[in-house]
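Heads up: the sequence shown is residues 0 to 130, going by numbering that gives the first Met the number 0. Backbone N, C-alpha and C fix where the C-beta goes; we use that ideal spot for every residue, glycine too. See structure below.
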Amino acid sequence: MSFPEPHTAPDSFSLSSRWSLIQRLRDTFWARWSSEYLNELQRRTKWTDVKEDLKVGQLVLLKNASQIPMKWTLARVIKIHPGEDGLVRVVDVKTAKGTFTRAVTNLLPLPGDVGLSPNGGRDVIATKNEL
């Protein structure tokens with residue numbers, strides 16, 4: 000029979016080694032999130048495949064090559080501009096800083112609330128009449 004190994008609690012780590020561990024975990028998370036999740040949001044399909052267009056009210060991220068993905072701006076589609084072929088290639092989006100026109104290739108649609116009205120899905124007139 001042998002004695003159990005002494006328990007080394009996480010308290011025995013130095014602050015610098017904890018900080019290094021936290022930084023490594025953070026870097027690993029963001030690297031995987033950028034390469035796996037963001038790429039999944041904007042799949043590149045062959046031109047022969049039909050891809051669902053953006054809809055008014057849909058939440059999107061505005062891609063920006065000069066910023067890290069965590070700092071990309073959140074926006075909501077407020078108007079679509081279909082081309083001559085009927086496909087949406089340009090949309091107007093509203094952010095906290097204003098309204099912009101962007102190509103759909105520079106947008107990452109977020110899953111979830113597709114097709115909500117710009118007022119957040121609430122019927123404002125009905126709510127006002129109920130008061």
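- With contacts defined as CB atoms closer than 8 Å, LEU106 and LYS62 qualify as a contacting pair.
- Check the Cα spacing between GLY85 and each of VAL59, SER15, GLU51: the tightest is with GLU51.
- With distances taken between CA atoms, ALA95 lies nearest to LEU60 out of SER13, LEU60, TRP29.
- By the 16-neighbour rule on beta-carbons within 10 angstroms, ALA102 is exposed.
- ILE79 carries a strand assignment under DSSP once its states are collapsed to helix, strand and coil.
- Scanning its chain for C-beta atoms nearer than 8 Å, with the 5 sequence neighbours on each side dropped, one finds around VAL87 the residues ASP52, LEU53, ILE79, HIS80, PRO81, VAL103, in chain order.
- Closest in C-alpha terms to LYS70, from the list GLN57, SER16, SER33, comes SER33.
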